[in-house]
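Student:
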Amino acid sequence: MFGKKNDKDQTTAPEDSEAAARPGSTGLSGDTKIKDWLAHPQGGPVLRAMLAEAGSDESQLKPVRGFAMKRLIPMSKGQFTDEAIAQLVVKAEAYDPASAPADPARASAPEGAGEDEEIELPEFVESITEGRFAAKTVIVTGAGSGIGRATASRIAREGGRVIAVDIKEPGLEELVAENPGADIVKVVANVTEQDDVDAIVAAAGDRIDGLANVAGIMDNMTPLHEVSDEVWDRVMAVNATGLFKLSRAVIPAMLDAHAGSIVNITSEAGLRGSAAGLAYTASKHAVVGITKSSAFMYGPQGIRVNAVAPGPVITGIEASFDSELGGRRIRTAMGAMPTPVGPESLAASITFLLSDDGHNVNGAILPSDGGWSAV
Ligand SMILES: NC(=O)c1ccc[n+]([C@@H]2O[C@H](COP(=O)([O-])OP(=O)(O)OC[C@H]3O[C@@H](n4cnc5c(N)ncnc54)[C@H](O)[C@@H]3O)[C@@H](O)[C@H]2O)c1
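According to my numbering, the residues represented by the sequence shown are 1 to 375, in order.
1) Name the two residues that bound the continuous beta strand (DSSP E) containing lysine 186.
2) Determine the direct distance from the alpha carbon of proline 45 to that of arginine 157, and round the result to whole angstroms.
3) Suppose the cutoff is 6 Å on Cβ atoms and the five residues either side in sequence are ignored; what does the same chain contact list for proline 367 look like?
4) Have a look at aspartate 7 and lysine 70 and give me their C-alpha separation to the nearest angstrom.
5) Answer with buried or exposed for isoleucine 317, where buried requires no fewer than 16 other C-beta atoms within 10 angstroms of its C-beta.
6) What is the residue span of the alpha helix (DSSP H) that leucine 243 lies within?
7) What's the gap between the Cα of alanine 204 and the Cα of aspartate 198?
8) So the alpha helix (DSSP H) proline 170 belongs to, where does it begin and stop?
9) Taking DSSP's pairing of strands, which residues face threonine 137 in a bridge?
10) How about asparagine 239: is its Cβ closer than 7 Å to a heavy atom in ligand 1?
11) Mind checking which residues open and close the beta strand (DSSP E) that includes valine 305?
12) Would you call the CB atoms of valine 237 and threonine 192 closer than 8 Å?
13) Any heavy atom of ligand 1 within a distance shorter than 7 Å of the CB on threonine 281?
14) Taking the alpha helix (DSSP H) that glycine 44 belongs to, which residues open and close that run?
15) Taking 8 Å as the threshold, find out whether the region 289-309 comes into contact with the region 79-92 through three or more Cβ pairs.
16) With a cut-off of 8 Å, does the C-beta of proline 180 fall near any C-beta of chain D?
17) Any heavy atom of ligand 1 within a distance shorter than 7 Å of the CB on proline 343?
18) Got a sec? Which residues, its chain only, sit under 8 Å from alanine 433 by beta carbon, not counting five neighbours each side?
19) Any chance the CB of alanine 177 is under 7 Å from a heavy atom of ligand 1?
20) I believe glycine 363 touches alanine 295 by the beta-carbon criterion, under 8 Å. Please report the beta-carbon distance rounded to the nearest angstrom.
21) Taking 8 Å as the threshold, find out whether the region 250-261 comes into contact with the region 270-288 through three or more Cβ pairs.
22) On the CB-based measure, 16 or more other CB atoms within 10 Å of its CB, does histidine 225 come out buried or exposed?
23) Glycine 384 lies in the alpha helix (DSSP H); which residues open and close that run?
24) Can you tell me whether histidine 40 is buried or exposed? The criterion is at least 16 other CB atoms within 10 Å of its CB, across all chains shown.
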C-alpha cells in the first residue's frame with residue numbers, strides 16, 4: 001500500500017509551520033490529515049498516484065482519513081517513511097493541476113458522493129500524568145507492536161520500569177529507541193513457552209506491580225465445523241494459555257506484596273459471537289473467565305484483575321477470511337463497527353486500570369470501543 005523506503009535520499013517531512021513558510025508551498029505536510037491531502041488539488045492526485053503505483057487506492061485509507069499523514073509511519077511496519085512523506089510534499093508542490101490530466105478518481109467521485117456524513121471529531125491526544133508509574137515495575141506483553149507498544153511507551157513515559165516482552169525483537173528495539181532515557185527492559189520471549197515465562201518473571205525481579213497481557217493473534221474467521229486443529233491450537237496457545245501461564249507466574253510476587261494489578265486484553269469477540277471466528281472468540285471468552293475468576297479469588301488480598309475489550313484499532317494484527325460462511329456472517333455483523341482508533345486510545349484505558357487510578361475497579365470487563373458493544 002505504501003511507497004518503498006529510500007535510505008539514500010534522506011529528506012525529512014516538514015512540519016506544518018515550515019511547509020507553509022516555503023515559497024510555492026502547498027501547506028501540506030506530515031501533520032496534514034489524510035482527508036485534507038486527498039481533497040487538496042495538488043496533494044490528492046499525487047497521493048492517489050502513489051497508491052495506484054502500489055496497486056492500491058484511496059478506499060484503503062478510509063479508516064484513517066482523520067489521522068495526520070505521519071501517523072501512518074508506525075502503522076506501516078517500515079513500508080511508509082518520513083522520507084516518503086517528504087517526497088510526496090515535493091511532488092505535490094511540483095504538480096500543476098491545470099496542465100495535468102483530470103484526476104480520474106476525483107472526476108468519477110464528486111465531493112461527498114457515496115460517503116456517509118462525516119462529522120469531524122478531535123483526534124485523541126495523550127495527556128501524560130508525570131510519575132503515575134514511578135517506582136513501579138510493569139510487565140507488558142506484545143510490547144513490540146500496536147496496543148502493547150503504546151501501553152509500554154505510556155507507562156515508561158509516566159515513570160515506570162517496563163519489562164517489554166515480545167516474540168519479535170525489532171519492535172522492542174524501536175520502542176527503546178523511541179523512548180530515550182526510559183527504564184525499559186526488553187525480553188524477547190514466547191508467552192506460550194514456560195521457560196520464556198520464567199525468564200520474563202526473572203527479568204522483572206522480586207517486585208511486580210503490574211502485568212498487561214496484550215500479546216495476541218487473530219484467527220481466520222472460520223466457524224466451528226471449519227476450524228483446523230492448527231488454528232485452534234495456535235490461537236488458544238497465545239491468547240489463552242500464554243496469558244494464563246504468565247499471570248500464574250506473577251501472582252506469587254503480588255500475593256507477597258498484597259498488591260498488584262493485572263489487565264488482560266480481550267476483544268469484542270470476548271463479549272459476543274459475531275466479531276471473529278470460533279477459535280478467537282473462544283480464546284477471548286476464556287480471557288474474560290480468567291479475569292473474573294482471578295478478580296474474585298485475589299481481590300481480598302489486594303490484587304486487582306480486569307480486562308479491556310478493544311473495538312477496531314489500527315495495529316499490525318492480521319486476520320484472514322478463509323471461510324465463505326464465516327466471512328459472510330461476520331462482514332454482515334460488522335456494519336455497525338465504529339471508526340478505528342490509534343493504539344494510544346487503548347493504552348489510555350489499559351493504563352487507567354493498571355494504575356492506582358483504577359484502585360476500586362476489580363473484575364471489570366471494560367469495552368474500549370467507541371460504543372460498539374452498546375449496539
Ligand atoms: N487491533 C484490534 O483491532 C484489536 C481488537 C480487539 C482486540 N485486540 C487484541 O489486542 C491485543 C494486541 O493486538 P494488536 O492489535 O496490538 O496486534 P499486533 O499484532 O500489532 O501486536 C501483537 C503483538 O503480540 C506479539 N506476539 C504474538 N504472539 C506472541 C507470543 N506468543 N509471545 C509474545 N509475543 C507475541 C506480536 O509479535 C505483536 O508484536 C491482542 O490480544 C488482540 O487480540 C486487537
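The beta carbon of each residue, even a glycine, is placed where N, CA and C say it ideally should be.
Tutor: With the structure as the only source:
1) Residue mapping note: residue 186 aligns to position 186 of the sequence shown, counting from 1. The continuous beta strand (DSSP E) containing lysine 186 extends over residues 184-188.
2) Along the sequence shown, read from residue 1 onward, the residue named residue 157 stands at position 157. Along the sequence shown, read from residue 1 onward, the residue named residue 45 stands at position 45. Computed Cα separation, rounded: 39 Å.
3) Here the question's residue 367 lines up with position 367 in the sequence shown. Excluding residues up to 5 positions away in sequence, Ala309 and Ser373 lie with their Cβ nearer than 6 Å to the Cβ of proline 367 in the same chain.
4) As a position in the sequence shown, residue 7 is number 7, starting the count at 1. As a position in the sequence shown, residue 70 is number 70, starting the count at 1. Because aspartate 7 sits at a pLDDT of 34, beneath the cut-off of 50, its placement in the model cannot be relied upon, and the following sentence gives the value as read from the coordinates. Cα to Cα, aspartate 7 sits roughly 17 Å from lysine 70.
5) Start at 1 with the first residue of the sequence shown, and residue 317 comes out as number 317. Label assigned to isoleucine 317: exposed.
6) Along the sequence shown, one-based indexing puts residue 243 at 243. 243-257 is the extent of the alpha helix (DSSP H) around leucine 243.
7) Within the sequence shown, residue 204 is the residue found at index 204, counting from 1. Within the sequence shown, residue 198 is the residue found at index 198, counting from 1. Spanning the two alpha carbons is a distance of roughly 10 Å.
8) The residue labelled residue 170 in the question sits at position 170 within the sequence shown. Looking at the DSSP string, the run of the alpha helix (DSSP H) that includes proline 170 is 169-178.
9) Position 137 of the sequence shown, counted from the first residue, corresponds to residue 137. For threonine 137, which the question treats as bridged, DSSP gives the partners Arg161.
10) In the sequence shown, residue 239 corresponds to position 239, counting from 1. Yes, ligand 1 has a heavy atom inside 7 Å of this Cβ.
11) Against the sequence shown, residue 305 aligns to sequence position 305. The continuous beta strand (DSSP E) containing valine 305 extends over residues 303-310.
12) Here residue 237 is taken as the residue at index 237 of the sequence shown, counted from 1. Here residue 192 is taken as the residue at index 192 of the sequence shown, counted from 1. Before going further, note that residue 237 is alanine rather than valine in the sequence given. For alanine 237 and threonine 192, yes; Cβs fall inside 8 Å.
13) Numbered from 1 along the sequence shown, position 281 holds the residue referred to as residue 281. Between ligand 1 and threonine 281, a heavy atom-to-CB distance of less than 7 Å is absent.
14) Walking along the sequence shown from the start, residue 44 turns up at place 44. Element bounds for glycine 44: 43-53.
15) Flag = no, the region 289-309 and the region 79-92 do not touch.
16) Absent here is chain D; the protein component of the structure consists of one chain.
17) On the sequence shown, position 343 is the one that residue 343 refers to. Yes, since a heavy atom of ligand 1 falls inside the 7 Å radius drawn around the Cβ of proline 343.
18) Given that the chain is displayed from residue 1 to residue 375, the structure contains no residue 433 and the question cannot be resolved.
19) Looking up residue 177 in the sequence shown gives position 177. Of the heavy atoms belonging to ligand 1, none sits nearer than 7 Å to the Cβ of alanine 177.
20) The residue given as residue 363 occupies position 363 in the sequence shown. The residue given as residue 295 occupies position 295 in the sequence shown. Yes, glycine 363 and alanine 295 are in contact; Cβ-Cβ is about 3 Å, under 8 Å.
21) The answer is no - the region 270-288 does not touch the region 250-261, with fewer than three Cβ pairs under 8 Å.
22) To locate residue 225, count along the sequence shown from 1; it is residue 225. Its Cβ having fewer than 16 others within 10 Å, histidine 225 is exposed.
23) Given that the chain is displayed from residue 1 to residue 375, the structure contains no residue 384 and the question cannot be resolved.
24) The residue given as residue 40 occupies position 40 in the sequence shown. Its Cβ being crowded by 16 or more others within 10 Å, histidine 40 is buried.
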